[in-house]
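Going by the working numbering, the first residue of the sequence shown is number 5, and it counts up by one from there.
Shown next, in structure tokens, is the structure this report addresses.
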Amino acid sequence: MRHVIALDVGGTGMKAALVGADGTLLYESRRATGRERGPEAVVEDILGFAAELRAHGEERYGRSAAAAGVAVPGIVDTANGIAVYAANLGWRDVPLRALLGERLGGVPVALGHDVRTGGLAEGRIGAGRGTDRFLFVPLGTGIAGAIGIGGAIEEGAHGCAGEIGHVVVRSGGPECGCGQRGCLETLASASAVSRAWAAASGDPDADAADCAKAVVSGDETAARVWQEAVDALADGLVTALTLLDPRTLIIGGGLAEAGETLFTPLRAAVEARVTFQKLPAIVPAALGDTAGCLGAGLLAWDLLDTSDTLTTEVTG
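See below:
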């Protein structure tokens with residue numbers, strides 16, 4: 005069976021799969037990223053993980069993977085296949101595409117940004133399927149965005165399109181790792197809600213999921229913390245929809261697991277803020293934590309489709 009290797013590298017864990025031509029996950033595996041051992045060790049683990057998947061495919065299907073796709077966090081130069089910078093992994097200017105290609109025996113390799121890659125999957129086979137324009141926003145440790153237009157994900161002139169988490173929504177607010185204050189991700193990410201609820205509840209181990217449960221149970225303090233995050237998120241999303249005019253807003257990540265505890269007040273808050281703008285559908289992501297891996301597989305298949313087209317044009 006023809007298949008590709010897909011890898012989704014996160015700050016704490018890596019997800020890998022063999023993906024069939026129809027998008028089916030033929031084989032899945034996970035392991036810790038091990039970032040505490042340093043960036044060089046992480047890169048070696050990525051290469052080794054990919055090699056293991058290649059060997060598994062050869063043993064099970066009698067053929068090597070046709071291509072590989074890998075999604076990584078941080079700043080990514082997709083055109084040149086370089087993982088430029090990732091604060092949570094500590095690497096800089098890693099020629100990951102070349103390294104993977106060499107380890108995998110010369111198969112073509114596609115490198116993508118984790119959120120944009122997840123957005124590609126949500127747009128094609130997930131919550132945005134059939135939508136011509138969407139914005140995918142996962143609410144996790146931080147907040148980023150993927151802008152989907154006509155079946156493709158917009159990267160921007162410098163590979164930084166969609167960084168909605170660094171839109172300032174509260175001037176003079178909490179300090180952000182980017183150097184600004186009051187960025188959206190300092191107020192509305194899952195980690196931001198965890199920090200706020202831990203402080204408000206007096207429980208240093210409390211997290212966003214605990215806050216959501218307390219909201220459901222009627223805790224007024226939790227409701228205040230939650231609503232402050234929802235209001236900040238709505239402000240950021242209205243800025244985005246004013247600029248991008250998406251037909252659908254797809255919300256994913258850990259915070260979205262709260263379901264209607266998040267989506268009911270969020271839809272109301274966004275609707276209250278729009279004036280001339282058209283209100284998009286606001287829906288939960290459909291693929292969960294498999295989106296990045298599925299997207300990496302799509303990148304690999306797209307690479308093969310492009311190569312096949314170019315070969316046909318040259319030889320035809």
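Quick reminder that beta carbons are idealized off the backbone N, C-alpha and C, glycines included.
Item	Value
Take GLY15 and list the residues in its own chain whose beta-carbon comes closer than 6 angstroms to its own, dropping the five residues that flank it on each side.	ASN92
Determine the extent of the beta strand (DSSP E) in which PHE267 is found, giving its start and end residues.	PHE267 -> not in any beta strand (DSSP E); alpha helix (DSSP H) instead, spanning 264-277.
Pull the bridge partners of GLY85 from the DSSP assignment, please.	BP columns for GLY85 are empty, so no partner.
Rounded to the nearest angstrom, what separates ASP97 and ALA148 at their Cα positions?	21 angstroms
When the Cβ atoms of the segment 186-193 are set against those of the segment 220-239, are three or more pairs found closer than 8 angstroms?	yes
Would ALA200 be called buried (16 or more neighbouring beta carbons within 10 Å of its own) or exposed?	buried
Below 8 angstroms, can you find three or more Cβ-Cβ pairs linking the segment 99-118 to the segment 285-303?	yes
Among the residues of its own chain, which have a CB less than 8 angstroms from the CB of ARG277, if the five just before and after it don't count?	ALA238, ASP239 and VAL242
Expressed to the nearest angstrom, what Euclidean distance is found between the alpha-carbon atoms of ARG128 and GLY206?	43 angstroms
Return yes when the Cβ of ARG6 is within less than 9 angstroms of the Cβ of ALA20, no when it is not.	no
Could you tell me which uninterrupted beta strand (DSSP E) segments, each at least 3 residues in length, are contained entirely in the segment 87-117, listed from first to last along the chain?	95-98 and 113-117
Determine the direct distance from the alpha carbon of LEU104 to that of VAL172, and round the result to whole angstroms.	37 angstroms
Between which two residues does the alpha helix (DSSP H) holding PHE53 run?	43-65
Nearest-angstrom Cα distance between THR319 and TRP305?	Residue confidence is low: THR319 scores 35 on pLDDT, short of 50, so the model does not pin down where it sits. Its coordinate-derived value is still stated next. Straight-line Cα distance between these residues: approximately 21 angstroms.
If you draw a straight line from the C-alpha of LEU108 to the C-alpha of ALA102, how long is it?	10 angstroms
Would you report the Cα separation of THR313 and ALA71, rounded to the nearest angstrom?	Confidence is the limiting factor: at THR313 the pLDDT is only 37, short of 50, which leaves the residue's position unreliable and the question unanswerable from this model.
Using C-beta distances below 7 angstroms, list every residue in its chain close to GLU317, excluding the 5 sequence neighbours before and after it, in chain order.	With a pLDDT of 33 at GLU317, under the threshold of 50, the modelled position of that residue is not reliable, and the figure given next carries that caveat. No residues qualify anywhere along the chain.
Taking 7 angstroms as the limit between beta carbons, can you name the residues of its chain near LEU270, skipping five residues before and five after?	VAL234, LEU237, ALA238 and ILE286
Could you name the residues of the same chain whose beta carbon sits closer than 8 angstroms to that of GLY42, not counting the 5 residues immediately before and after it, in chain order?	GLY94
Relative to the C-alpha of ALA131, which residue among GLU48, ARG251 and ILE168 is closest?	ARG251
Please state the DSSP three-state secondary structure of LYS19.	strand
Check the DSSP bridge columns for ARG35 and list the partner residues they point to.	MET18
Give the straight-line distance between the Cα atoms of VAL220 and VAL274, rounded to the nearest whole angstrom.	21 angstroms
If contact is defined by three or more beta carbon pairs under 8 angstroms, each pair taking one atom from either stretch, is the segment 136-144 in contact with the segment 152-160?	yes
Indicate whether ILE157 and ALA69 have their beta-carbon atoms separated by less than 9 angstroms.	no
Can you tell me which of the three DSSP states HIS7 falls into?	strand
Taking all protein chains shown into account, decide if GLU337 is buried (16 or more other Cβ within 10 angstroms of its Cβ) or exposed.	The chain is shown from 5 up to 320; residue 337 falls before or after that span and cannot be answered.
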